[in-house]
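Peer 1:
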Amino acid sequence: MIRLLEHEGKSLLARHGMRIPRGALYPESPPAGGQLVVKAQVLAGGRGKAGGIEFSDNAADAEAAAKKMLGTTFGAVKVAAVYVEERLKIAAEYYLCAMVDRDLGVPVILASREGGVEIETVAADRILKRPVDPLLGLRPFVLDEIVRFLDPPEAARTNLRAAVAGLYAALVNEDAELLEINPLALLADNTVVAADAKCVLDEDAGYRHVAREDRFDGTPFEIAARELGTIGIELDGNIAAIMNGAGMTMATLDQVVALGGRVGALVELHGAMAHGPERIAEIIELVGKQQPAVILLNVYFQFRPLDTIAKGLLRARDRGWLPQGCKIIVRFRGEMEQEARTLLAGFDCEMTGVFEDACTLAVKYANAAPRSKQRAAIGN
Ligand code: GDP
Ligand code: MN
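Okay, structure coming up:
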């Protein structure tokens with residue numbers, strides 16, 4: 330998931346034909362002539378209510394407001410950028426969103442006449458939701474239906490239609506997960522402009538967008554896991570679970586939860602095995618920092634020798650990277666399984682070859698752990 334700041338989202342939308350207000354990132358000079366809006370660039374909605382948006386009559390006022398806003402905190406996040414835009418003369422505010430609907434498995438368009446407010450507060454019958462067949466694209470009759478539902482003045486219909494089409498084109502061509510415009514502003518001259526933009530892109534499609542810098546959102550643990558070549562997810566339990574492959578990872582998580590356990594650090598080894606025992610030791614160190622009650626290694630490798638993991642565990646121990654009082658459960662299956670077991674002969678852990686047994690042991694020890702280990706500290 331890559332979340333864009335408002336100004337980044339707007340320039341993305343503009344590439345697909347959506348109209349956006351003229352604007353500049355402070356301290357660039359603001360658009361010339363007329364009133365301005367100064368907007369905190371933070372990944373949060375509701376800036377309007379929380380002082381993240383200020384209206385200014387001229388460039389000097391806008392500059393002063395931008396300067397003041399920069400570096401302030403907005404909830405927990407620091408305002409790292411301030412965007413200054415021309416102030417729009419808004420005649421009506423719509424809500425428009427294109428997103429991939431996980432339940433339906435296709436893109437959907439959401440539209441409402443009640444823009445400019447939190448969409449969660451809008452009654453369901455005031456929101457039109459239309460799925461789009463990705464193979465057929467946004468068909469003209471669906472586009473018509475959306476425009477009819479929004480019911481703009483006759484003279485604005487073509488512009489509104491172009492905005493909806495542009496939004497859908499952006500969703501598809503940018504591999505976005507969500508593009509939400511709230512409000513989509515209708516101006517007195519019947520132009521239709523994205524006054525705000527919330528954009529979430531699919532990071533797994535990043536390679537298809539050369540210009541897109543590698544950005545990744547996550548907790549410090551998740552970012553560190555990614556830097557080690559793994560996929561890490563931070564949850565709130567006291568079991569650190571390290572698996573390989575999406576199937577094994579999900580099956581282990583399901584089994585642990587079904588048995589009444591809770592995972593705090595979930596790691597899918599991904600490509601990490603190719604980097605040898607040192608990398609495995611670093612992964613153990615990373616999950617160890619969460620002070621889990623149990624580290625569960627549940628791996629099945631046919632093409633990579635399991636002694637890599639055994640050696641990594643030994644290294645982690647020798648360096649003092651294993652958390653105090655942490656129980657280690659190892660379930661090995663596959664290539665060089667016997668060699669790996671032999672290496673761990675003198676290592677303090679419980680070994681099994683059986684998936685269910687490994688999960689059962691992990692939950693048993695985790696739930697019997699002292700209170701201090703009942704819940705891993707998040708964010709450490
Ligand atoms: P949010 O509160 O973080 O969603 O920020 P928005 O960018 O959506 O702005 C909040 C509200 O401020 C909008 O719903 C508009 O009513 C108002 N607003 C934002 N930009 C302009 C503008 O250029 N002109 C006018 N008149 N109102 C604006
Ligand atoms: Mn908004």
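The sequence shown begins at 330 in this note's numbering and counts up one residue at a time.
Glycine included, every Cβ here is placed at the ideal spot set by N, Cα and C.
Below 8 Å on the Cβ atoms is my contact criterion, and I expect H345 with A492 to pass it. Report the Cβ-Cβ distance as a whole number of Å.
Peer 2: Along the sequence shown, read from residue 1 onward, the residue named residue 345 stands at position 16. Along the sequence shown, read from residue 1 onward, the residue named residue 492 stands at position 163. 10 Å between Cβ atoms; not a contact.
Peer 1: According to DSSP, simplified to helix, strand and coil, what is S701?
Peer 2: Translated into the one-based positions of the sequence shown, residue 701 becomes position 372. Here S701 sits in helix by DSSP.
Peer 1: Closer than 5 Å between the C-beta and any heavy atom of the ligand MN: which residues qualify, listed along the chain?
Peer 2: Here the list is N511, D525.
Peer 1: Could you tell me if S441 is buried or exposed, where buried requires 16 or more neighbouring beta carbons within 10 angstroms of its beta carbon?
Peer 2: If you number the sequence shown from 1, residue 441 lands on position 112. With 16 or more other Cβ atoms within 10 Å, it is buried.
Peer 1: Using 8 Å as the cut-off, can you tell me whether the stretch 346-358 makes contact with the stretch 504-524, which would need three or more C-beta pairs spanning the two stretches below that distance?
Peer 2: Taking 8 Å as the limit for Cβ pairs, the verdict is that the stretch 504-524 does touch the stretch 346-358.
Peer 1: So D290 packs on P460, CB below 8 Å; how close in whole Å?
Peer 2: There is simply no residue 290 to check, as the chain begins at 330 and stops at 709 in what is shown.
Peer 1: Which partner residues does C426 have in the DSSP bridge list?
Peer 2: Within the sequence shown, numbered from 1, the residue matching residue 426 stands at position 97. L439, E509, per the DSSP bridge assignment.
Peer 1: When the Cα atoms are used, what is the spatial distance from L372 to M572?
Peer 2: For the purposes of this step, residue 372 is identified with residue 43 of the sequence shown, where counting begins at 1. For the purposes of this step, residue 572 is identified with residue 243 of the sequence shown, where counting begins at 1. Each residue's alpha carbon lies about 32 Å from the other.
Peer 1: Pull the bridge partners of N627 from the DSSP assignment, please.
Peer 2: The sequence position of residue 627 within the sequence shown is 298, counting from 1. Note: N627 sits in a beta bridge opposite M572, R660.
Peer 1: Is DSSP giving V692 helix, strand or coil here?
Peer 2: Sequence index remark: in the sequence shown, residue 692 carries index 363 (1-based). Reduced to three states, the DSSP call for V692 is helix.
Peer 1: In the DSSP output, which residue or residues are listed as bridge partners for E528?
Peer 2: As a first step, residue 528 must be located in the sequence shown, where it is residue number 199. Inspection of the sequence shows that residue 528 is occupied by Cys rather than by Glu. Partner(s): L333, L508.
Peer 1: Between which two residues does the beta strand (DSSP E) containing T681 stretch?
Peer 2: Position 352 of the sequence shown holds residue 681. Element bounds for T681: 679-681.
Peer 1: With 8 Å set as the bound, which would you pick, yes or no: does the beta-carbon of E357 sit closer than that to a beta-carbon of chain D?
Peer 2: Within the model displayed, chain D is absent; a lone protein chain is all it includes.
Peer 1: Just list the residues that DSSP pairs F384 with in beta bridges.
Peer 2: In the sequence shown, the residue the question calls residue 384 occupies position 55. DSSP, once it has assigned bridges, lists V366 as partnering F384.
Peer 1: When DSSP builds the beta bridges, which residues end up paired with P460?
Peer 2: As a first step, residue 460 must be located in the sequence shown, where it is residue number 131. P460 is bridged to V437.
Peer 1: Report the rounded CA-to-CA distance for N273 versus G589, giving the unit in angstroms.
Peer 2: This structure cannot speak to residue 273, because the chain is shown only from 330 to 709.
Peer 1: Taking 7 Å as the cut-off, is the CB of R644 close to at least one heavy atom of the ligand COA?
Peer 2: Among the ligands in the structure shown, the ligand COA does not appear; only the ligand GDP and the ligand MN can be found there.
Peer 1: Taking 8 Å as the cut-off, decide whether the C-beta atoms of A610 and G558 are in contact.
Peer 2: One-based indexing of the sequence shown puts residue 610 at position 281. One-based indexing of the sequence shown puts residue 558 at position 229. Contact: no.
Peer 1: Check the DSSP bridge columns for V501 and list the partner residues they point to.
Peer 2: One-based indexing of the sequence shown puts residue 501 at position 172. The partner list for V501 (beta bridge, DSSP) is empty, contrary to what the question assumes.
Peer 1: What would DSSP say about F632, mapped onto helix, strand or coil?
Peer 2: Counted from its first residue, the sequence shown places residue 632 at position 303. F632 falls in the coil class under three-state DSSP.
Peer 1: Could you give the residue range of the beta strand (DSSP E) that holds V411?
Peer 2: Within the sequence shown, the letter at position 82 stands for residue 411. Where V411 is concerned, the enclosing beta strand (DSSP E) stretches over 411-415.
Peer 1: Taking just the CA atoms, how far does K368 sit from Q631?
Peer 2: The residue labelled residue 631 in the question sits at position 302 within the sequence shown. The residue labelled residue 368 in the question sits at position 39 within the sequence shown. Those two C-alpha atoms are separated by around 54 Å.
Peer 1: How far does the alpha helix (DSSP H) with I552 in it extend, from its first residue to its last?
Peer 2: On the sequence shown, position 223 is the one that residue 552 refers to. Looking at the DSSP string, the run of the alpha helix (DSSP H) that includes I552 is 549-556.
Peer 1: Measuring from the CB of E414, is there a heavy atom of the ligand GDP at a distance below 7 Å?
Peer 2: Here residue 414 refers to the residue found at position 85 of the sequence shown. Checking the Cβ of E414 against the ligand GDP gives yes.
Peer 1: So is the beta-carbon of R662 under 7 Å away from any non-hydrogen atom of the ligand GDP?
Peer 2: Within the sequence shown, numbered from 1, the residue matching residue 662 stands at position 333. Not under cutoff, so the answer is no.
Peer 1: Hey, would you say the C-beta of G375 is under 7 Å away from at least one heavy atom of the ligand GDP?
Peer 2: Against the sequence shown, residue 375 aligns to sequence position 46. Yes.
Peer 1: Rounded to whole angstroms, what's the CA-CA distance from F661 to L673? Just pull it up for me.
Peer 2: Here residue 661 refers to the residue found at position 332 of the sequence shown. Here residue 673 refers to the residue found at position 344 of the sequence shown. The alpha-carbon atoms of F661 and L673 are separated by roughly 11 Å.
Peer 1: Can you check DSSP and say which residues form a bridge with T402?
Peer 2: Translated into positions along the sequence shown, residue 402 becomes position 73. T402 pairs with K407.
Peer 1: Would you report the Cα separation of L690 and A405, rounded to the nearest angstrom?
Peer 2: Position 361 of the sequence shown, counted from the first residue, corresponds to residue 690. Position 76 of the sequence shown, counted from the first residue, corresponds to residue 405. Going by the C-alpha atoms only, they are around 39 Å apart.
Peer 1: Give the DSSP-derived three-state secondary structure of V371 in the structure shown.
Peer 2: Working through the sequence shown from its first residue, we reach residue 371 at position 42. In this structure, V371 counts as coil in the three-state DSSP scheme.
Peer 1: Who are the Cβ neighbours of L467 in its own chain at under 7 Å, not counting the five residues just before and after it?
Peer 2: Reading the sequence shown from its first residue, position 138 is the one you call residue 467. Closer than 7 Å at Cβ, skipping near neighbours: V461, A494, Y497.
Peer 1: On the criterion of 16 or more Cβ atoms from any shown chain inside 10 Å, does P482 qualify as buried, or is it exposed?
Peer 2: To locate residue 482, count along the sequence shown from 1; it is residue 153. With fewer than 16 other Cβ atoms within 10 Å, it is exposed.
Peer 1: Which whole-angstrom value describes the C-beta separation of I435 and Y355, a residue pair presumed to lie in contact below a C-beta threshold of 8 Å?
Peer 2: Within the sequence shown, numbered from 1, the residue matching residue 435 stands at position 106. Within the sequence shown, numbered from 1, the residue matching residue 355 stands at position 26. The sequence given here has Val at residue 435, not Ile. The Cβ separation is near 40 Å, so there is no contact.
Peer 1: Using CA atoms only, rank isn't needed, just tell me which of A580, A395, G362, K693 is closest to A416.
Peer 2: On the sequence shown, residue 416 is found 87 positions in, with the first residue counted as 1. The sequence shown places Arg at residue 416, rather than the Ala named in the question. Of the candidates A580, A395, G362, K693, the one whose C-alpha sits nearest the C-alpha of R416 is G362.
Peer 1: Which whole-angstrom value describes the C-beta separation of V476 and R486, a residue pair presumed to lie in contact below a C-beta threshold of 8 Å?
Peer 2: The residue labelled residue 476 in the question sits at position 147 within the sequence shown. The residue labelled residue 486 in the question sits at position 157 within the sequence shown. That pair is a contact at about 6 Å.
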